[in-house]
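Below is one structure; the comments refer to it alone.
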Amino acid sequence: MLAIFQATDHKISFLRNILVPCKFYLRQVAFKQEKLFVVCDENDIHVMNTSGVALSKISSGVPTEYGFIRNFDVSDDATRLYLCERSGLRCISDTGECQWWFSQTDLPEWDRNKQGLVIEDIRFFNGFLFGSLWKASKLIMMSNDGHLLCYIVTTGIDHPRAIAVRGDRLVVTQFSPSMRPVKNRTVHVFRIGDLFSSVGEKQQ
């Protein structure tokens, strides 16, 4: 079940619950083009409107025996979904057709995770993708067709996990069981324009 709230500057107000036809747990939710995209334990994506009317169910192609979809995002036009599974990043269409696949071998050897995890979290922004490399403690930028373009943050973060884009800000949380508690609670905020300018300076 999903709970929908209305948000203002200093307050959130409960609106309604929405029942999702999933057998077990709900994992993640995204909102694009007035549609809710809900990932469940079966690694299916339920597409609904905000009134709870089911529009479609997308089969992700991610096998449940290899784990759950860890994080995901949806393109601004809601025609592509980007799924972080354990062994790679999968891009599918809104009908479930696989568009491309990004795996360990697409990363430089020194940034590969021996445990197999590739990209921890992914966010779509202005036609590009931002991804977090948990083991390497770096942030990357990818093209919409699945190619690694550049590193945008390589220092100052420790095991980045969830990332979000709000306006011109990129927000990054970090976590590792071996980190001191004070660092576990650290959130980094980057101005996206500064990230692109620093990338340009490095490439010149």
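Under this note's numbering, the sequence shown has 205 at position 201, and the numbering climbs by one with no breaks. Positions of the beta carbon are idealized from the N, C-alpha and C atoms, including for glycine.
Sequence-distant residues of the same chain with beta carbon closer than 7 Å to ASP110, five excluded per side: LEU152
Taking the DSSP output, what are the residues bridged to MET146? LEU133 and LEU152
Cβ shell of GLN10 (< 6 Å), same chain only, five flanking positions each side left out: SER17 and LEU19
Which value, in whole angstroms, describes the spacing of the CA atoms of LEU174 and GLY135? 11 Å
Give the secondary structure of GLN37 by DSSP, where H, G and I count as helix, E and B as strand, and everything else as coil. coil
Using the Cα positions of ASN47 and PHE179, report the straight-line distance between them to the nearest angstrom. 24 Å
For a quick check, are the C-beta atoms of SER64 and LEU87 less than 9 Å apart? yes
In whole angstroms, what is the alpha-carbon distance linking GLN207 and ASP198? Only weak support exists for where GLN207 lies, its pLDDT of 45 falling under 50; the value from the coordinates is given anyway. Approximately 14 Å, taken between the alpha carbons.
Given a cut-off of 9 Å on the beta-carbon distance, is the pair LYS2 and SER79 in contact? The question about residue 2 has no answer here: the residues shown for the chain are numbered 5 through 208.
Where LEU133 falls, given that 16 or more other Cβ within 10 Å makes a residue buried: buried
8 Å Cβ shell around HIS14 - same chain, five flanking residues per side excluded: none
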